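>
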Amino acid sequence: MEVDTPTIKLDVLELVNNSRMTYGLRHQDFQRYRKHCTHRVQRLRQLLHLTKPNNKKTNQQKELPEKITDARYLHLFVFEVERAWAYAMDLNQELSADTRKRHHTRKKLKRATQHAEALYRLCEQQDVEDRSKLEVKAYAAAMRGHLYFELQQWQDALNQFISARTIYEHFATLSTSTQHEALCYSAIDDIDPSIRICAYNLRLNETSMVNNVDDLVKSLKKSEATSGHIAPLEQQLSKISENDAAAKKQDVAAQVNWRNKQVIIKSDKVAKGIAKAEETTKQDQGQFDLVLASWSDAEKLVKKALKEDKEATAKVASSKSAKSTEELQFIQSYVSYNLYSRSIQRNVRLVAQGDKTTPQENVRLHDDILKYLESIRELLSLEEQDGQLDWELNVLTHYYRANRCLHVAQAYASLNRIPEAVALYRVAQTYAAQAKQLLYQGGGFANDSVLKVTEGELGELEQTLRNNTWKTQATWYLKHGGNTADNELQSQMEQLNLDDKKIPLLEQLDAYPSTLTTEAPNLVEFPPRFESAVGKPFFFDLAANHIQYPDALSEHSEKPSGLFSKFFGFGGK
5 MEVDTPTIKL
15 DVLELVNNSR
25 MTYGLRHQDF
35 QRYRKHCTHR
45 VQRLRQLLHL
55 TKPNNKKTNQ
65 QKELPEKITD
75 ARYLHLFVFE
85 VERAWAYAMD
95 LNQELSADTR
105 KRHHTRKKLK
115 RATQHAEALY
125 RLCEQQDVED
135 RSKLEVKAYA
145 AAMRGHLYFE
155 LQQWQDALNQ
165 FISARTIYEH
175 FATLSTSTQH
185 EALCYSAIDD
195 IDPSIRICAY
205 NLRLNETSMV
215 NNVDDLVKSL
225 KKSEATSGHI
235 APLEQQLSKI
245 SENDAAAKKQ
255 DVAAQVNWRN
265 KQVIIKSDKV
275 AKGIAKAEET
285 TKQDQGQFDL
295 VLASWSDAEK
305 LVKKALKEDK
315 EATAKVASSK
325 SAKSTEELQF
335 IQSYVSYNLY
345 SRSIQRNVRL
355 VAQGDKTTPQ
365 ENVRLHDDIL
375 KYLESIRELL
385 SLEEQDGQLD
395 WELNVLTHYY
405 RANRCLHVAQ
415 AYASLNRIPE
425 AVALYRVAQT
435 YAAQAKQLLY
445 QGGGFANDSV
455 LKVTEGELGE
465 LEQTLRNNTW
475 KTQATWYLKH
485 GGNTADNELQ
495 SQMEQLNLDD
505 KKIPLLEQLD
515 AYPSTLTTEA
525 PNLVEFPPRF
535 ESAVGKPFFF
545 DLAANHIQYP
555 DALSEHSEKP
565 SGLFSKFFGF
575 GGK
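First residue of the sequence shown: 5, per my numbering; consecutive thereafter.
(1) When burial is assigned at 16 or more other CB atoms within 10 Å of the CB, is Asn342 buried or exposed?
(2) Distance, Cα to Cα, Thr170 vs Asn264?
(3) CA-CA distance, Ile199 and Glu70?
(4) What's the gap between the Cα of Ile373 and the Cα of Leu393?
(5) Ala417 and Tyr435: beta carbons closer than 9 Å?
(6) Taking the beta carbon of Asn163 as the centre, do at least 16 other beta carbons fall within 10 Å, making it buried, or is it exposed?
(7) Which same chain residues end up closer than 7 Å to Cys409 when comparing Cβ atoms and leaving out the 5 residues on each side of it in sequence?
(8) May I have a chain-ordered list of the alpha helix (DSSP H) segments no shorter than 4 residues that lie completely inside the stretch 82-170?
(9) Buried or exposed for Val528, please, with buried defined as at least 16 other CB atoms from any protein chain shown within 10 angstroms of its CB.
(10) So, for Gln35: in the same chain, excluding its five sequence neighbours on each side, which residues have a beta-carbon less than 6 Å away from its beta-carbon?
(11) Am I right that Glu185 and Lys270 are in contact with their C-beta atoms under 8 Å? What's the rounded C-beta distance?
(12) On a Cα-Cα basis, can you pick out the residue from Lys105, Cys127 and Tyr37 that is closest to Phe83?
(13) From this set, Gln291, Val217 and Asp272, which residue's C-alpha is nearest Arg353's C-alpha?
(14) For Thr473, collect the residues of the same chain with a Cβ closer than 6 Å to its Cβ; drop the 5 residues on either side in sequence, then sort them by chain order.
(15) Output yes or no for whether 9 Å exceeds the beta carbon distance between Ala145 and Ala116.
(16) Apart from the five residues on each side of it in sequence, which residues of its chain come closer than 6 Å, Cβ to Cβ, to Asp102?
(17) Could you spell out where the alpha helix (DSSP H) holding Val412 opens and where it closes?
(18) Decide if the stretch 297-310 is in contact with the stretch 350-367; the criterion is three or more beta carbon pairs, one per stretch, under 8 Å apart.
(19) With a 10 Å radius around its C-beta and 16 neighbouring C-beta atoms as the bar for buried, classify Val538 as buried or exposed.
(20) Cα separation between His79 and Glu128?
(21) Are Ile195 and Phe165 touching if we call contact CB-CB under 9 Å?
(22) Would the beta-carbon of Ser181 fall within 9 Å of that of Asn21?
(23) When the Cα of Val412 is compared with those of Asp452, Tyr344, Asp371 and Leu442, which residue comes out closest?
(24) In whole angstroms, what separates the C-alpha of Asp193 from that of Tyr338?
(25) Would you mind working out which of Glu238, Pro508, Arg533 and Phe534 sits nearest Ala524, comparing C-alpha positions?
(26) Could you tell me whether the stretch 103-115 touches the stretch 139-156, where touching means 3 or more Cβ pairs closer than 8 Å?
(27) In the structure shown, what three-state DSSP assignment does Val454 receive?
(28) With DSSP as the reference, identify every bridge partner of Lys265, one or two as the case may be.
(29) Could you give the distance in angstroms between the alpha-carbon of Asn471 and the alpha-carbon of Asn451?
(30) Could you give the distance in angstroms between the alpha-carbon of Arg368 and the alpha-carbon of Tyr403?
(31) Candidates Val320, Thr476, Gln512 and Phe449: which alpha carbon is nearest Gln183's?
(32) Do Val454 and Ser345 have their C-beta atoms within less than 9 Å of each other?
(33) Quick one: what's got a C-beta closer than 7 Å to Val45's C-beta in the same chain, skipping five residues either side?
(34) Indicate the three-state DSSP secondary structure (helix, strand or coil) for Ile72 in the structure shown.
(35) When you compare each of Tyr77, Thr401, Gln32 and Asp33 to Leu48 by their alpha carbons, which one comes out closest?
(36) For Glu459, which residues of its own chain have a beta-carbon under 8 Å away from its beta-carbon, when the five flanking residues on both sides are left out?
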């Protein structure tokens, strides 16, 4: 009875990246990384029992078993490649005019290429996953590309780099893991500069017209020198895609179409969570508890995916990391929008059940509605990217503020606080008028909008506000005795008295007041009234210097004096 051996899986990119980032290459320390690879190779040989004692004549190694079931045999070849590659990069840092160092660099790259090709042949012979085989093939192609690049064989290097880039790009598109996608794009970023240099040295016309590397690679694939090398590889990739479980899930169910934008959901868990929430919404529209629970679960899955993406970006950064994060944020905005919108619909349904809720509870429900609208407005990049959504939120905010003021006014009216209720009805009418004006100015709600306000609903709200205002005012008039103008006139007639109490008794001695025996008489006016008095004319103050007084001139006329007074200085004038 034959026993099926398990398929071996080898994730070359993850293994190589973890080793490089942990042991020196984060700081470009190739010597430390080479020592780590050497120790790792020795340790793997000991664990796999592939070592032989040195007999001072030859140090032969044991052959590999015919059937491999342990992935560590493949790891052994990977670290052999990495050791030779790290040695070459270490020599390349010290490279100058010394031809011997250049010779050793090429020799180490050739050894790395040989180990990589041996690894690919071993994967072809053993029961290894097809996806792992292609990844090893891309790894070997990249090593051959580096060797040809060092040998300045530009066309061969370009073909190898494009082959490796094609495989990595295909895996990045179909990857369901955020970390693996980041690793693929990071490998592409390492290859792209070499592709540009090869194309430049080959004097290709496409390089002068294309600035984007993606467009450059597409144009190079169509050339005769590259198309024959890439066509078999693309057929192999398409065959792998048909059998890949991840590729089967890239259908309409795993996409988000919202606000005129389409995003593919790469995470299986997130795709299943959103699909379940959408299905629950369609089937159980009245069961808001189930709908909200499903959207809440989907939101948790998206947040977890965002956290994993953040961790993967921190470990491996690439040129496409920002785009992947942006797509996840868009998916989170879509899920959060549906969660908040369904919560608002639930609150509106509860408010519509007027017999089961009090005005105070309705006010609290509308407070939650306004909070949900504000949360939708705060979603990442929505307001900047979509002005239509911003307009919809403004209309909804004014509409629900008017409804909130309506229920607050009803609460005040139930407490017989009529002036406050009437004032709130007028505020609600203002909000309703603003919402109606915004509705006329806009182009209407989007087709995929969950929350909508129609012109008929606004008209119904305005009519409700007018009816409640009239009802409240009529209740107040009936409670206070009907016509207040007649009551005020009657009160004034009752207070009318023929006796003028303002005239003091001293000035009406010829009359006998009727209230003299019942009230204290007003004898004199106190404080006394002001009376007019003759004032000094301003004419004399202004023109006194120009007036001559005859009597004064006659008094000051000179009198004759004697001779004696003139000599002794006395005598009057």
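Glycine residues also receive a C-beta, built at the ideal position from the N, C-alpha and C atoms.
As the structure is a prediction and not an experimental result, all values here were calculated from the model.
Looking at the atomic coordinates:
(1) Buried.
(2) Rounded to whole angstroms, Thr170 to Asn264 spans 30 Å at the Cα level.
(3) In this model, Ile199 and Glu70 are separated by some 39 Å (Cα to Cα).
(4) In this structure, the CA atom of Ile373 is about 17 Å from the CA atom of Leu393.
(5) It is not a contact, given that the beta carbons lie outside the stated cut-off.
(6) Around the beta-carbon of Asn163, 16 or more other beta-carbon atoms lie within 10 Å, marking it buried.
(7) Only Leu428, Val431, Ala432 and Tyr435 meet the Cβ criterion.
(8) Complete alpha helix (DSSP H) runs here, min 4: 103-129 and 134-154.
(9) Exposed, by the Cβ-count rule.
(10) Asp94.
(11) Your pair Glu185 and Lys270 checks out as a contact, with CB atoms roughly 7 Å apart and the cut at 8 Å.
(12) Relative to Phe83, the option among Lys105, Cys127 and Tyr37 whose CA is nearest is Tyr37.
(13) The option with the nearest alpha carbon to Arg353 is Gln291.
(14) Excluding sequence neighbours, Thr473 sits near Tyr429.
(15) Cβ atoms of Ala145 and Ala116: not closer than 9 Å.
(16) Around Asp102, the same chain offers no residue with a beta carbon nearer than 6 Å, after the five sequence neighbours per side are excluded.
(17) Run containing Val412: Gly391 to Ser418, per the alpha helix (DSSP H) assignment.
(18) By the criterion of at least three beta-carbon pairs nearer than 8 Å, the stretch 297-310 is not in contact with the stretch 350-367.
(19) Val538 should be labelled exposed.
(20) Straight-line Cα distance between these residues: approximately 15 Å.
(21) Closer than 9 Å, so yes.
(22) Taking 9 Å as the Cβ cut-off, Ser181 and Asn21 do not qualify as a contacting pair.
(23) Distances from the CA of Val412 to each of Asp452, Tyr344, Asp371 and Leu442 were compared; the closest alpha carbon is that of Asp371.
(24) Roughly 31 Å separates the two Cα atoms.
(25) Comparing Cα-Cα distances from Ala524 to each of Glu238, Pro508, Arg533 and Phe534, the minimum goes to Pro508.
(26) Three or more Cβ pairs closer than 8 Å define a contact, and the stretch 103-115 meets that threshold against the stretch 139-156.
(27) In this structure, Val454 counts as coil in the three-state DSSP scheme.
(28) DSSP output for Lys265 lists Trp262 as bridge partner(s).
(29) Rounded to the nearest angstrom, the two C-alpha atoms are 33 Å apart.
(30) C-alpha separation (whole angstroms): 16 Å.
(31) Checked all of Val320, Thr476, Gln512 and Phe449; the closest Cα to Gln183 is Val320.
(32) Yes, these two residues count as a Cβ contact at 9 Å.
(33) Once the five neighbours on either side are set aside, the close Cβ partners of Val45 are Leu80, Phe83, Glu84 and Arg87.
(34) Looking at Ile72 - three-state DSSP - the assignment turns out to be coil, as it is neither helix nor strand.
(35) Here the closest residue by C-alpha is Tyr77.
(36) Within the same chain, Glu459 has close Cβ partners Lys440 and Leu443.
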